[in-house]
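Those protein sequences? They're chains Y and X, same order as listed.
Read the first sequence against numbering that gives the first Met the number 0 and you will find it ends at 379, with the numbers running on by one and no gaps.
Read the second sequence against numbering that gives the first Met the number 0 and you will find it ends at 289, with the numbers running on by one and no gaps.
Positions of the beta carbon are idealized from the N, C-alpha and C atoms, including for glycine.
From a predicted model like this one, the values you see are computed outputs, not experimental measurements.
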Amino acid sequence: MDVHEYQAAELLAKHGVPVNPGRVASTPDEAAAAASELGGTVAIKAQVHSGGRGKAGGIKLAHNPEEAKAAAEAILGMDIRGHTVNKVLVAKGADIVREFYLGVVLDRPNRKVLIMASAEGGVDIEEVARTTPEKIVRINADPALGFHSYQAKELGFALGLRADKVHGFAKIAEHLYTAFIKEDATLVEVNPLILTGAGEWLALDSKMSFDDNALYRHKDIEGLRDMAEENETELDARSSGISFVKLDGDIGCIVNGAGLAMATMDAVKLSGGEPANFLDVGGGASASQVAKAFSLVTSDPNVRAILINIFGGITRGDVVADGIREALSQVDVKVPIVVRLSGTNAEEGKKILAEAGLMAVDTMDEAAEQVVSAASGQAA
Amino acid sequence: MSILVGNDTRLLVQGITGREGSFHATQMVEYGTNVVAGVTPGKKGETVAGVPVFDTVEEAVRKTNPNTSIIYVPARFAPDAIYEAVDNGIELVICITEGVPVNDMVPVYHLVKQKGARLIGPNCPGLITPGEAKVGIMPGFIHEPGKVGLVSRSGTLTYEVVDALTKAGLGQSTAVGIGGDPVIGTSFVDVLELFQNDPDTEAIVMIGVIGGDDEETAATFIKEHVTKPMAGFIAGRTAPPGKRMGHAGAIISGGSGSAEEKIAALEAAGVRVADSPSKVPGLLRQAMNA
Numbered sequence: 000m001d002v003h004e005y006q007a008a009e010l011l012a013k014h015g016v017p018v019n020p021g022r023v024a025s026t027p028d029e030a031a032a033a034a035s036e037l038g039g040t041v042a043i044k045a046q047v048h049s050g051g052r053g054k055a056g057g058i059k060l061a062h063n064p065e066e067a068k069a070a071a072e073a074i075l076g077m078d079i080r081g082h083t084v085n086k087v088l089v090a091k092g093a094d095i096v097r098e099f100y101l102g103v104v105l106d107r108p109n110r111k112v113l114i115m116a117s118a119e120g121g122v123d124i125e126e127v128a129r130t131t132p133e134k135i136v137r138i139n140a141d142p143a144l145g146f147h148s149y150q151a152k153e154l155g156f157a158l159g160l161r162a163d164k165v166h167g168f169a170k171i172a173e174h175l176y177t178a179f180i181k182e183d184a185t186l187v188e189v190n191p192l193i194l195t196g197a198g199e200w201l202a203l204d205s206k207m208s209f210d211d212n213a214l215y216r217h218k219d220i221e222g223l224r225d226m227a228e229e230n231e232t233e234l235d236a237r238s239s240g241i242s243f244v245k246l247d248g249d250i251g252c253i254v255n256g257a258g259l260a261m262a263t264m265d266a267v268k269l270s271g272g273e274p275a276n277f278l279d280v281g282g283g284a285s286a287s288q289v290a291k292a293f294s295l296v297t298s299d300p301n302v303r304a305i306l307i308n309i310f311g312g313i314t315r316g317d318v319v320a321d322g323i324r325e326a327l328s329q330v331d332v333k334v335p336i337v338v339r340l341s342g343t344n345a346e347e348g349k350k351i352l353a354e355a356g357l358m359a360v361d362t363m364d365e366a367a368e369q370v371v372s373a374a375s376g377q378a379a
Numbered sequence: 000m001s002i003l004v005g006n007d008t009r010l011l012v013q014g015i016t017g018r019e020g021s022f023h024a025t026q027m028v029e030y031g032t033n034v035v036a037g038v039t040p041g042k043k044g045e046t047v048a049g050v051p052v053f054d055t056v057e058e059a060v061r062k063t064n065p066n067t068s069i070i071y072v073p074a075r076f077a078p079d080a081i082y083e084a085v086d087n088g089i090e091l092v093i094c095i096t097e098g099v100p101v102n103d104m105v106p107v108y109h110l111v112k113q114k115g116a117r118l119i120g121p122n123c124p125g126l127i128t129p130g131e132a133k134v135g136i137m138p139g140f141i142h143e144p145g146k147v148g149l150v151s152r153s154g155t156l157t158y159e160v161v162d163a164l165t166k167a168g169l170g171q172s173t174a175v176g177i178g179g180d181p182v183i184g185t186s187f188v189d190v191l192e193l194f195q196n197d198p199d200t201e202a203i204v205m206i207g208v209i210g211g212d213d214e215e216t217a218a219t220f221i222k223e224h225v226t227k228p229m230a231g232f233i234a235g236r237t238a239p240p241g242k243r244m245g246h247a248g249a250i251i252s253g254g255s256g257s258a259e260e261k262i263a264a265l266e267a268a269g270v271r272v273a274d275s276p277s278k279v280p281g282l283l284r285q286a287m288n289a
């Protein structure tokens with residue numbers, strides 16, 4: 000789960016990170032008021048769950064409340080990589096002397112938490128990683144004991160910081176690590192972390208993402224969810240234990256198992272079609288679960304045909320077939336349906352489907368071909 | 000004789016009285032797996048499918064001497080269950096549980112290594128040596144004893160490929176589902192090494208999905224150490240970047256983890272990668288006859 004910059008900054012401030020003061024505004028007038036309250040030059044920053052805000056024109060400087068109002072007017076409502084800007088952060092202008100990058104992520108290959116820093120701050124860190132990886136310093140935290148103070152200092156010295164600046168930097172690095180662990184983050188990032196003219200450290204831009212599997216123990220973070228940034232169908236699916244991701248094609252997919260769901264999308268593509276979604280009904284595909292899946296898939300007006308691909312393991316074929324039959328009596332499906340049923344109790348399942356007027360095929364490749372031709376037949 | 004599980008497996012089921020635990024314990028007993036004990040705190044004295052239940056792993060170990068444990072407890076209790084198994088000397092622990100927070104798994108992973116034990120999963124279907132022991136949630140009947148070792152990050156997709164192999168007359172030595180999470184106890188490389196050294200495995204199938212770089216790491220290992228014929232499949236060619244596809248670990252992020260990169264790496268290592276699960280047996284036969 001992602002949160003906005005201002006929410007990440009508030010969380011990091013709670014963990015002791017010095018963040019740049021700012022106010023959130025949803026209207027140009029609120030932005031003007033915030034600018035006059037903060038005084039001096041301010042930055043007006045689009046609050047969207049997307050990178051590339053600067054390049055898209057989503058960040059502007061304003062020297063007075065009038066300019067702040069105009070900047071907010073320009074930014075609010077803007078579309079940044081498919082995200083509509085509903086809020087801006089009005090942040091106090093900072094006296095930047097040097098910019099750094101500081102981040103905490105999971106190091107998948109080493110199965111450890113990784114703290115990364117670079118003296119090349121304020122730019123796209125993935126670009127730095129690609130072109131000049133030697134400019135990024137990396138240290139793994141101890142998996143049992145955590146991130147030691149000496150490691151944080153090592154990081155500072157490796158960046159070439161003067162001794163009198165290392166202490167402050169190391170503290171911030173430790174705070175970011177603590178925030179990562181305590182809040183069950185998957186990413187904590189400050190970019191840029193700056194040194195001001197007064198010689199102080201300040202986090203100018205903060206970013207945090209969280210582990211969905213750990214949200215049960217972070218109700219406060221769940222409360223930060225911005226519904227405007229979420230796909231309603233995806234949220235609706237999640238509340239029923241279904242994994243759903245909306246895609247751009249016209250063939251709806253209902254599958255049991257995440258790997259098989261991806262393979263099914265690939266098979267549709269290989270047969271010349273485009274999948275409309277990723278959908279994993281989960282382990283115990285009950286009738287109500289299948290009915291829910293139908294309503295999710297058919298809520299997409301682009302869908303011209305539906306492919307149901309079930310490999311019965313724990314999920315028995317006859318139970319799924321019952322679910323499909325029952326779902327069809329609840330949800331009015333107007334597009335052709337192709338069912339592939341294999342594995343446990345597949346034959347019993349096929350009988351049930353035949354009674355409901357549905358033919359089931361044996362293989363995934365066959366099903367993909369049929370659904371693609373059914374979708375194009377529908378289009379003609 | 001196969002890898003990790005077989006006729007000498009003495010299985011403990013942690014969380015045996017739960018809905019999932021009791022269902023699958025019964026299925027495993029019916030398959031012929033030697034299930035020696037179950038554990039659910041507070042349920043000592045009960046039995047599930049004839050298997051005695053204990054309050055603690057310590058007691059179950061003392062009284063029934065298991066060498067392998069399978070875990071069906073809810074996500075928030077899973078790390079503790081893994082610690083309990085490993086601390087009591089269980090050498091092989093399979094964690095089926097889905098949804099364990101990643102930050103919980105980091106210390107677990109390293110502790111298990113330190114103790115010299117092996118963890119498979121979490122968020123995995125388990126493993127099976129056909130005809131000997133089923134230690135997981137897979138449908139047993141699609142498997143046939145044979146000479147093909149299979150390792151996969153996915154569940155149902157594995158069944159799909161196993162089914163295709165069996166129908167093509169290619170039985171399996173052992174099929175291992177390593178799990179779909181970002182931090183898992185056993186990697187592709189670990190299992191590939193076991194298959195390479197297993198005299199009963201003549202060929203290997205590897206099934207990957209998008210996200211992370213375990214497939215790439217495996218490709219490097221294959222190039223240097225695997226001499227047995229291999230075929231594979233990678234799911235998620237149509238998955239968009241930045242979106243989690245069901246599994247916590249299945250996400251293309253920061254421009255890496257795509258199916259194309261993984262397929263290219265495996266092909267460069269000599270693995271024949273199919274564009275559909277149904278084509279895996281054919282490619283494997285080609286590799287075996289080459």
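Contact belief for T185 of chain X with V4 of chain X at Cβ below 8 Å, rounded distance in angstroms: Numbered from its first residue, the second sequence carries residue 185 of chain X at position 186. Numbered from its first residue, the second sequence carries residue 4 of chain X at position 5. 13 Å between Cβ atoms; not a contact.
Any C-beta of chain A under 8 Å from that of D197 of chain X: Note that chain A does not occur in the displayed structure, where the protein chains are Y and X.
Beta carbon proximity, K86 of chain Y to chain X, threshold 8 Å: Your numbering for residue 86 of chain Y matches position 87 in the first sequence. Not one chain X Cβ lies under 8 Å of K86 of chain Y.
Uninterrupted alpha helix (DSSP H) stretches inside the stretch 234-313 of chain Y (no shorter than 4 residues): 257-269, 286-297
Residues near D1 of chain Y in its chain [Cβ-Cβ closer than 6 Å; skip 5 each side]: The count along the first sequence starts at 1 and reaches residue 1 of chain Y at position 2. Around D1 of chain Y: H48, S208.
Under the three-state DSSP convention, the category H85 of chain X falls into: Residue mapping note: residue 85 of chain X aligns to position 86 of the second sequence, counting from 1. The sequence shown places Val at residue 85 of chain X, rather than the His named in the question. Helix at V85 of chain X.
Nearest to A266 of chain Y (by Cα), restricted to the options Y:A30, Y:G50, Y:V371, Y:D106: Looking up residue 266 of chain Y in the first sequence gives position 267. Closest option to A266 of chain Y, Cα to Cα, is Y:V371.
Interface residues of chain X facing P274 of chain Y [CB-CB closer than 7 Å]: Your numbering for residue 274 of chain Y matches position 275 in the first sequence. Residues of chain X passing the Cβ test: T237.
Within the stretch 37-95 of chain X, ranges of the beta strand (DSSP E) (whole runs, at least 3 residues): 50-53, 67-70, 91-94
Span of the beta strand (DSSP E), counted from its first residue to its last, around S275 of chain X: Locating residue 275 of chain X in the second sequence gives position 276, counting from the first residue. Where S275 of chain X is concerned, there is no enclosing beta strand (DSSP E), given that its DSSP letter is neither H nor E.
Boundaries (first-last residue) of the beta strand (DSSP E) holding L186 of chain Y: As a working note, residue 186 of chain Y is residue 187 in the first sequence. That run of the beta strand (DSSP E) goes 184-195.
Contact with chain Y by I119 of chain X, beta-carbon distance below 8 Å: In the second sequence, the residue the question calls residue 119 of chain X occupies position 120. Chain Y, which has no Cβ nearer than 8 Å to the Cβ of I119 of chain X, makes this no.
8 Å Cβ cutoff, T216 of chain X in contact with chain Y: For the purposes of this step, residue 216 of chain X is taken as the residue at position 217 of the second sequence. Yes, because at least one Cβ of chain Y sits closer than 8 Å to the Cβ of T216 of chain X.
Neighbour list for R303 of chain Y in chain X, Cβ cutoff strictly below 8 Å: Numbered from its first residue, the first sequence carries residue 303 of chain Y at position 304. Result: empty, since nearest Cβ-Cβ is about 17 Å, beyond 8 Å.
Cutoff 7 Å; reference N19 of chain Y; Cβ partners in own chain excluding five residues on either side: For the purposes of this step, residue 19 of chain Y is taken as the residue at position 20 of the first sequence. Within the same chain, N19 of chain Y has close Cβ partners A90, K91, A93, L201, A202, L203.
Contact residues within the stretch 103-135 of chain Y, judged by C-beta distance below 7 Å to chain X: L105, R107, P108, R110, K111, V112, E125
Per-residue DSSP class, three states only, for K133 of chain X: Counting from 1 along the second sequence, the entry for residue 133 of chain X is found at position 134. Three-state result, K133 of chain X: strand.
Backbone secondary structure at F209 of chain Y - three-state DSSP: To locate residue 209 of chain Y, count along the first sequence from 1; it is residue 210. Strand, per DSSP.
Partners in chain Y for M205 of chain X, counting only beta-carbon separations shorter than 9 Å: In the second sequence, residue 205 of chain X corresponds to position 206, counting from 1. Here the premise fails: no neighbours, minimum Cβ distance about 13 Å.
Neighbour flag for V47 of chain Y against chain X, beta carbons, 8 Å: The sequence position of residue 47 of chain Y within the first sequence is 48, counting from 1. Not one chain X Cβ lies under 8 Å of V47 of chain Y.
Helix, strand or coil at G14 of chain X [DSSP, three-state]: The count along the second sequence starts at 1 and reaches residue 14 of chain X at position 15. In this structure, G14 of chain X counts as coil in the three-state DSSP scheme.
Alpha-carbon spacing of A272 of chain X relative to D213 of chain X, whole angstroms: Residue numbering aside, residue 272 of chain X sits at position 273 when the second sequence is read from its first letter. Residue numbering aside, residue 213 of chain X sits at position 214 when the second sequence is read from its first letter. Position check: residue 272 of chain X holds Val in this sequence, whereas Ala was assumed. C-alpha separation (whole angstroms): 16 Å.
Which listed residue (X:K278, X:K146, X:E45) has its alpha carbon closest to that of I2 of chain X: Taking the second sequence and counting its residues from 1, the one referred to as residue 2 of chain X is at position 3. Of X:K278, X:K146, X:E45, the residue nearest in Cα terms is X:K146.
Under 7 Å (Cβ pairs) to chain X, residues found in the stretch 251-277 of chain Y: N255, G256, A257, G258, L259, A260, M261, A262, M264, D265, A266, K268, L269, P274, F277
Any chain X beta carbon closer than 8 Å to D183 of chain Y: The count along the first sequence starts at 1 and reaches residue 183 of chain Y at position 184. By this cut-off, D183 of chain Y is an interface position.
CB-CB length for D183 of chain Y against A213 of chain Y, believed under 8 Å: Locating residue 183 of chain Y in the first sequence gives position 184, counting from the first residue. Locating residue 213 of chain Y in the first sequence gives position 214, counting from the first residue. With a Cβ gap of about 3 Å, D183 of chain Y and A213 of chain Y count as contacting.
Touching by the beta-carbon criterion (3+ pairs, under 8 Å), the stretch 169-185 of chain Y and the stretch 69-85 of chain Y: no
Contact set for C123 of chain X: own chain, Cβ-Cβ below 8 Å, skip 5 residues either direction: As a working note, residue 123 of chain X is residue 124 in the second sequence. Contacts found: I93, C94, I95, G135, G154, G176, I177, G178, G179, I183.
Span separating the alpha-carbon of D28 of chain Y from that of I58 of chain Y: Residue mapping note: residue 28 of chain Y aligns to position 29 of the first sequence, counting from 1. Residue mapping note: residue 58 of chain Y aligns to position 59 of the first sequence, counting from 1. Rounded to whole angstroms, D28 of chain Y to I58 of chain Y spans 17 Å at the Cα level.
Segment contact, 8 Å Cβ cut-off, at least three pairs: the stretch 269-286 of chain Y with the stretch 220-227 of chain Y: no
Neighbourhood of L282 of chain X by C-beta, 7 Å cutoff - its chain only, sequence neighbours within 5 removed: For the purposes of this step, residue 282 of chain X is identified with residue 283 of the second sequence, where counting begins at 1. Around L282 of chain X: A230, R271, A273.
Close Cβ partners of V88 of chain Y (< 7 Å) along its chain, the five nearest in sequence each way excluded: Position 89 of the first sequence, counted from the start, is the residue given in the question as residue 88 of chain Y. According to the sequence displayed, residue 88 of chain Y carries Leu and not Val. Excluding residues within five positions, the ones whose Cβ falls inside 7 Å are E4, Y5, G21, V23, K44, Q46.
Three-state secondary structure (DSSP) of P144 of chain X: The count along the second sequence starts at 1 and reaches residue 144 of chain X at position 145. Reduced to three states, the DSSP call for P144 of chain X is strand.
Rounded separation between A132 of chain X and I70 of chain X - CA only: Locating residue 132 of chain X in the second sequence gives position 133, where the first residue counts as 1. Locating residue 70 of chain X in the second sequence gives position 71, where the first residue counts as 1. Near 16 Å, if we compare the C-alpha coordinates of I70 of chain X and A132 of chain X.
Distance CB(S341 of chain Y)-CB(G312 of chain Y) smaller than 8 Å: Start at 1 with the first residue of the first sequence, and residue 341 of chain Y comes out as number 342. Start at 1 with the first residue of the first sequence, and residue 312 of chain Y comes out as number 313. No, the pair does not count as a contact, with Cβ atoms beyond the cut-off.
Cross-chain neighbours of D279 of chain Y in chain X, by beta carbon under 7 Å: For the purposes of this step, residue 279 of chain Y is identified with residue 280 of the first sequence, where counting begins at 1. Ordered by position in chain X, the residues that pass the 7 Å Cβ test against D279 of chain Y are G245.
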